[in-house]
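Please read the structure below before turning to the comments.
Number of protein chains: 2
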Amino acid sequence: MAIKILIADDEPNQLELLSFNLGKAGYEVIRAEDGQQALDIIEDSHPDLVILDWMMPHISGIELCRTLRSRPETRHLPVILLSARGDECDRTLGLDIGADDYISKPFSPRELVSRVTALLRRSRPALIDDVLEFHDLVLNQTTMEITRADQPVALGPKECRLLAILMERPGRVLSRAQLLDLVWGHNVYVEERTVDVHMSRLRKAINQPSKNGTVYSDLIRTVRGSGYALKAPSDSD
Amino acid sequence: MAIKILIADDEPNQLELLSFNLGKAGYEVIRAEDGQQALDIIEDSHPDLVILDWMMPHISGIELCRTLRSRPETRHLPVILLSARGDECDRTLGLDIGADDYISKPFSPRELVSRVTALLRRSRPALIDDVLEFHDLVLNQTTMEITRADQPVALGPKECRLLAILMERPGRVLSRAQLLDLVWGHNVYVEERTVDVHMSRLRKAINQPSKNGTVYSDLIRTVRGSGYALKAPSDSD
DNA sequence: TAAAACTTTAACAAAACTGTGGCAATTATG
DNA sequence: CATAATTGCCACAGTTTTGTTAAAGTTTTA
Chain A
1 MAIKILIADD EPNQLELLSF NLGKAGYEVI RAEDGQQALD IIEDSHPDLV
51 ILDWMMPHIS GIELCRTLRS RPETRHLPVI LLSARGDECD RTLGLDIGAD
101 DYISKPFSPR ELVSRVTALL RRSRPALIDD VLEFHDLVLN QTTMEITRAD
151 QPVALGPKEC RLLAILMERP GRVLSRAQLL DLVWGHNVYV EERTVDVHMS
201 RLRKAINQPS KNGTVYSDLI RTVRGSGYAL KAPSDSD
Chain B
238 MAIKILIADD EPNQLELLSF NLGKAGYEVI RAEDGQQALD IIEDSHPDLV
288 ILDWMMPHIS GIELCRTLRS RPETRHLPVI LLSARGDECD RTLGLDIGAD
338 DYISKPFSPR ELVSRVTALL RRSRPALIDD VLEFHDLVLN QTTMEITRAD
388 QPVALGPKEC RLLAILMERP GRVLSRAQLL DLVWGHNVYV EERTVDVHMS
438 RLRKAINQPS KNGTVYSDLI RTVRGSGYAL KAPSDSD
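Sequence lines, in order, name chains A and B. Reminder that position 229 of the first sequence reads as 229 in my numbering, one-by-one numbering, no gaps. Each position in the second sequence, counted from 1, maps to that position plus 237 in my numbering.
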């Protein structure tokens, strides 16, 4: 599945230039021509990263960035701000508002792509590195091999994806609804309790993978009333 | 615990300037004067972020960055590269090598601090995001972890929410009716006395969290006839 | 000082939540 | 086509959480 990047810019030339370069670098590009449209698309197609022009009609990049940061479901969505003005005040304002990076025009295509990649590596390592690690768990997304303490672990597709989602956000609590959305996709109807069942299967699989009798500690934390998260075992257990 | 930042630069003035500004911004700064020393310090004191000068004797920033990226234990350590030259080639090289950000001299203190904060936000979400603090109490709403004086505290969902509501308004007195509204929602009928019970449970939980016999002071203030509020302990209790 | 007003907290039953074996349906796999 | 694997759901059991009540403790008021 290609990495989706949303670009919002009201200037067609600019939009074209950006799309072309990111497309060439292998990203799937979605375009928006103003802030409102961008917001709709974000809600709808869950891009992995967004690039916002500072100045746009209706909703400016800054406003949009603020909005995104204020909503739980987009709070961690990587945002790059784009501005014609290079002055420092804008720069710091952009970053302080919660943008993850700031590029001032004119910029080189190379730099743009580098910054996008660097930001993705930081925020969604799975998309770039395709090896996820947590404690002694390793998940290679290319080969779909999973190991715990170097012992192979067998997982079904759903459990595997579930694990990947958790490992991309180590420690963060995800509600059943969020997990359904992230793992199953957001137009599939399944019971929330089904998450529990898969979590149970996942636990069983990763907590006793090896043949020798070693017992592993539970890396999955149930947060009563909220959902599930990964947790590093404390010294006591 | 303060966030530790390592700065490696062979030029004393530069080092001083950086330290001063980051120190003022509330970070704990550790200094290194060349790449080798930086490496030693990283292994030794586990900084949360490092700032590397591009040109340094013995081991350059670029080399050091490569080294860090190649080791599992520092693979995800946030790195900012610093360079005298602003040309794009360096810029993209730096980012491609795995640095998380790149700042070219001369830079403004404001921008530096903004970039550091932005980088920390995305690499160590727990340090920046969704965290409520009051005195020695910390409530991380992302991971749903609560600690008092760094000791974990176990809370049920209701108590947790109650605490969050109080911590969002430190010191302000909230009536039982307000608390019912904020915590339970405004179309639920529960006895006002119930608030007392939960407050009592909350107190018990946060005022004696640790195993060692330490006794913590009561952070919750009962305002007779009005309601409850958080209070910082005075010196006497 | 006694009564009144208010708060704390133990106890308990009800409600809510979670873990998991089992089952049928569906989907790969050989 | 037969067999195995995967998936979603139900239902029961076991826990934890929650709301209420009531008794006991404090503070304020008259």
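Beta carbons are placed, not taken as given, at the ideal position from N, Cα and C, and that holds for glycine.
* **Min CB distance B:A355 to chain A below 8 Å** => yes
* Asked: Out of curiosity, what's the CA-to-CA distance linking B:M292 and A:L81?
  -> 29 Å
* Asked: With a cut-off of 8 Å, do at least 3 Cβ pairs link the segment 111-119 of chain A to the segment 16-27 of chain A?
  -> yes
* **Rounded straight-line distance, which links the Cα of A:S45 to that of A:S133** => The displayed chain sequence assigns Glu, not Ser, to residue 133 of chain A. Straight-line Cα distance between these residues: approximately 27 Å.
* Alpha-carbon spacing of A:V183 relative to A:R66, whole angstroms -> 27 Å
* For B:V375, which residues of its own chain have a beta-carbon under 6 Å away from its beta-carbon, when the five flanking residues on both sides are left out? -> T384
* Asked: Along the segment 158-192 of chain A, what residues have a CB closer than 7 Å to any CB found in chain B?
  -> G171, R172 and V173
* Segments assigned beta strand (DSSP E), at least 3 residues, entirely inside the segment 390-456 of chain B -> none
* For B:G464, count neighbouring Cβ atoms within 10 angstroms of its own Cβ and tell me buried if that reaches 16, exposed if not. => buried
* What do you reckon, are the CB atoms on A:E168 and A:R124 nearer than 8 Å? -> yes
* Asked: Using a Cβ-Cβ distance under 8 Å, would A:S123 count as near chain B?
  -> yes
* By Cβ distance below 7 Å, which residues in the same chain neighbour B:I240 in space, the five residues on each side in sequence not counted? -> Y264, E265, D285, L357 and L364
* Could you tell me whether the Cβ atoms of A:I7 and A:I42 are closer together than 8 Å? => no
* **Heavy atom of the ligand SAM within 7 Å of A:I41 beta-carbon** => Inclusion of the ligand SAM in the displayed structure is not the case, the ligand content being empty and no account of it being possible.
* Can you say whether B:E382 is buried or exposed, counting buried as having 16 or more other CB atoms within 10 angstroms of its CB? => buried
* Are B:I296 and B:L314 closer than 8 Å when you measure CB to CB? -> no
* Report the residue from B:Q378, B:P343, B:P470 and B:D433 whose alpha carbon sits nearest the alpha carbon of B:N250. => B:P343
* Asked: For B:L268, which of helix, strand or coil comes out of DSSP?
  -> It is Arg, not Leu, that sits at residue 268 of chain B in the sequence shown. Residue state, collapsed to three classes: strand.
* To do: Please classify B:G464: does DSSP put it in a helix, a strand, or coil?
  => strand
* Asked: Using CA coordinates, which residue listed in B:T311, B:R458, B:P346 and B:G298 is at the minimum distance from B:G331?
  -> B:G298
* Asked: In the DSSP assignment, what residue or residues form a beta bridge with A:A239?
  -> As displayed, chain A neither begins before 1 nor continues past 237, which places residue 239 of chain A out of reach and without an answer.
* **Delimiting residues of the alpha helix (DSSP H) encompassing B:L301** => G298 to S307
* Is the CB of A:E111 under 8 Å away from at least one CB in chain B? -> yes
* To do: Kindly say whether B:T384, judged by its beta-carbon, lies nearer than 8 Å to any beta-carbon of chain A.
  => no
* To do: Grab me the residues of B:E270's own chain with a C-beta within less than 6 Å of its C-beta, minus the 5 sequence neighbours each way, in chain order.
  => D247
* If we ignore side chains and look at the alpha-carbon of each, how far apart do B:S341 and A:R75 end up? -> 29 Å
* To do: Verify the CB distance criterion: does A:R31 have a CB-CB separation below 8 Å to chain B?
  => no
* Under 8 Å between C-beta atoms, does A:L139 make it to chain B? -> no
* By a C-beta neighbour count over all protein chains shown, 10 Å radius and 16 as the cutoff for buried, is A:G156 buried or exposed? -> exposed
* Quick one: what's got a C-beta closer than 6 Å to B:R458's C-beta in the same chain, skipping five residues either side? -> A466 and K468
* Closest to A:T142 by CA distance: which of A:L180, A:A84 and A:C160 is it? -> A:C160
* Asked: With DSSP run on the structure shown, which of helix, strand or coil describes A:D101?
  -> strand
* **C-alpha gap between A:V188 and B:H372, whole angstroms** => 45 Å
* To do: Would you kindly report the start and end of the unbroken beta strand (DSSP E) that includes B:L376?
  => L374 to N377
* Asked: Can you name the residues of chain B whose CB is closer than 9 Å to the CB of A:T92?
  -> S345, R347, E348, V350, S351 and R352
* Asked: At what residues does the alpha helix (DSSP H) containing A:E111 begin and finish?
  -> P109 to S123
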